[in-house]
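Accompanying notes for the structure given below.
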Amino acid sequence: MAKPTLADLRAFMAVAEHRSFRRAADLMGMTRSSLSHAVRGLEDDLGARLLHRTTRSVALTEAGERLLRRLDPLLHDLDQALEAVAGEHGQVQGQLRINGNESAIRLLLHTVVPAYRARYPRVELDLSAEGRLVDIVEQGFDAGIRLGEAVPKDMVAVPLGPEVRFLAVAAPAYLAIHPAPTLPDGLAEHQCIRQRLPSGKRYRWEFSKRGQVMEIDVPGALTLDHSGLMVEAALQGLGITFVPEAYARQALDDGRLVSVLEDWCPPIPGLMLYFPANRHMPGSLRALIDLIRETAAGGAP
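Mapping to the UniProt record's numbering: the sequence shown position 104 is 104, numbers consecutive.
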C-alpha cells in the first residue's frame with residue numbers, strides 16, 4: 001500500500017469538514033479536479049471508499065467517518081506544533097478568513113488591519129463584506145464580525161467596537177405634516193422607510209424601554225438595503241427610517257433630521273469578533289485577537 005501524503009490527508013479533511021469539493025477547493029486554492037484527484041488517490045492508497053459523491057452532495061462513508069475522527073486531532077496537533085515553533089520566531093503565517101458586513105470590515109480596516117499587516121506580513125487576510133449572516137464554520141471562515149445580539153450563543157465573542165444605537169429619524173418637513181409618534185406602535189400611522197436585509201427578509205424595528213421590548217414590522221411604500229440610502233430618503237422627507245446613529249449623526253447635528261422615540265432606543269452591544277469555541281484556533285487569529293485587545297486597552301499597536 002502506498003503511503004498517503006500529508007497534502008492528500010489535508011485535502012480529504014477539507015472536503016469532509018465542508019461536505020463540498022467546490023468550497024474545499026476554493027479554501028485550499030486548488031481546482032476542483034485537482035482536489036478530486038487527490039482524494040481519489042488517497043482512497044486508492046487506502047483501498048477504501050471515503051466519500052459518497054453525487055452531483056449535489058458529498059457524504060462520508062463509514063470508513064471516512066472513522067478516518068476523520070482519528071485524523072482531525074492529529075492534524076490539529078500538528079498545526080499547533082508548527083505554529084508554536086513559527087511563533088517563537090515571530091513567524092505567524094497562513095491565511096485568515098473573516099466574514100462581516102461592510103461597516104464591520106471597514107471598522108477592522110480602520111483599527112487593527114494596518115498594524116496587523118505590519119506586524120505579521122506573512123499572513124494573508126481574506127476579508128468578506130457580503131453582509132449576509134452565514135455559518136462561519138460551514139463556509140470556511142476562521143471568524144466573523146457581527147453586532148453582539150447577532151452572535152450565535154455557541155461562539156466566543158471579543159468586543160471590537162463601542163456600543164451602538166439605532167435611532168428612528170425623519171426630516172422636520174415630514175414631521176410638520178405627520179406628528180411624531182409617542183410610542184413605537186404609533187409607527188403604524190406613518191410612512192416608514194424600511195430595510196431589506198441581505199438574506200432577503202425585511203428588518204423588523206426593535207425598541208425597548210424599562211424591560212419592555214417591541215419588535216415592529218413597520219408599514220411603508222419604500223424599502224432599501226443600505227443605511228446610507230435610507231438616511232438620504234429620510235432627508236427627502238419620504239418618511240421615518242431606523243438606522244445606526246453614526247449614519248444619521250451629521251444630519252441630526254445640523255437639524256436636517258430629527259430623532260423620534262429616542263427614549264425607546266437604548267444602546268446595544270457593538271460589533272464583536274466571534275469564532276468557534278471547540279475548534280483549534282490558528283495562530284493568525286490568536287494574533288489578531290491579541291492586537292484587538294491591545295488596541296482596546298490603549299496600547300500602541
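In this text, a Cβ means the ideal position worked out from N, Cα and C, and glycines have one as well. Fair warning: this is a prediction, and the values are worked out from it, not measured in the lab.
Option in the options with minimal Cα separation from residue i
i: residue 216; options: 242, 49 and 287; result: 242
i: residue 48; options: 150, 57, 251 and 61; result: 61
i: residue 38; options: 20, 201, 219 and 7; result: 7
i: residue 173; options: 237, 255, 271 and 101; result: 237
i: residue 9; options: 41, 226, 289 and 202; result: 41
i: residue 199; options: 218, 191 and 225; result: 225
i: residue 164; options: 149, 153, 175 and 156; result: 149
i: residue 17; options: 231, 193 and 136; result: 136
i: residue 254; options: 235, 64 and 262; result: 235
i: residue 167; options: 113, 213, 257 and 117; result: 257
i: residue 192; options: 230, 262 and 263; result: 230
i: residue 122; options: 284, 293 and 295; result: 284
i: residue 294; options: 115, 102, 21 and 282; result: 115
i: residue 184; options: 288, 213 and 222; result: 213
i: residue 56; options: 117, 20 and 147; result: 20
i: residue 5; options: 24, 26, 45 and 36; result: 45
i: residue 69; options: 54, 220 and 50; result: 50
i: residue 275; options: 240, 145, 132 and 239; result: 145
i: residue 64; options: 13, 34, 223 and 32; result: 13
i: residue 240; options: 202, 286 and 175; result: 175
i: residue 261; options: 117, 101, 296 and 186; result: 186
i: residue 302; options: 153, 223, 59 and 267; result: Nothing can be reported for residue 302: it is not among the residues displayed for the chain, which extend from 1 to 301.
Bridge-paired residues (DSSP) for residue i
i: residue 126; result: 97
i: residue 61; result: Answer is none; residue 61 lacks a bridge partner.
i: residue 195; result: 224
i: residue 53; result: 58
i: residue 205; result: 216
i: residue 268; result: 164
i: residue 242; result: 168
Residue i: first and last residue of the uninterrupted alpha helix (DSSP H) it sits in
i: residue 116; result: 113-119
i: residue 13; result: 6-18
i: residue 169; result: Element bounds for residue 169: not the alpha helix (DSSP H) but the beta strand (DSSP E), 166-170.
i: residue 144; result: Unbroken run through residue 144 is the beta strand (DSSP E), 143-147; no alpha helix (DSSP H).
i: residue 91; result: Note, residue 91: premise wrong, no alpha helix (DSSP H); not H, not E.
i: residue 39; result: 32-46
i: residue 287; result: 283-296
Residue i burial status per 10 Å Cβ neighbour count (16 or more: buried)
i: residue 177; result: exposed
i: residue 299; result: With a pLDDT of only 49 at residue 299, under 50, the local geometry of the prediction cannot be trusted, and the value read off the model is given with reservation. Classification of residue 299: exposed, given that the 10 Å Cβ count is below 16.
i: residue 246; result: exposed
i: residue 227; result: buried
i: residue 301; result: In this prediction, residue 301 has a pLDDT of 47, which is less than 50 and means its spatial position is unreliable; what the coordinates show is noted afterwards. Label assigned to residue 301: exposed.
i: residue 290; result: exposed
i: residue 195; result: buried
i: residue 73; result: exposed
i: residue 109; result: exposed
i: residue 190; result: buried
i: residue 282; result: buried
i: residue 29; result: exposed
i: residue 103; result: buried
i: residue 43; result: buried
i: residue 211; result: exposed
i: residue 15; result: buried
i: residue 221; result: exposed
i: residue 170; result: buried
i: residue 248; result: buried
i: residue 11; result: buried
Residue i - containing beta strand (DSSP E), residue span
i: residue 238; result: Per DSSP, residue 238 belongs to no beta strand (DSSP E) and is neither H nor E.
i: residue 274; result: 271-276
i: residue 251; result: Per DSSP, residue 251 belongs to no beta strand (DSSP E); it is in the alpha helix (DSSP H), 245-253.
i: residue 180; result: It is not in any beta strand (DSSP E) - residue 180 carries neither H nor E in the DSSP assignment.
i: residue 157; result: 155-159
i: residue 258; result: 258-260
The stretch 202-212 / the stretch 118-135 touching (three or more Cβ pairs under 8 Å): Output reads no: the stretch 118-135 does not touch the stretch 202-212.
Given 8 Å, three or more beta-carbon pairs between the stretch 262-275 and the stretch 153-160: yes
Stretch pair the stretch 92-102 + the stretch 139-154: three plus CB contacts closer than 8 Å: The answer is yes - the stretch 139-154 touches the stretch 92-102, with three or more Cβ pairs under 8 Å.
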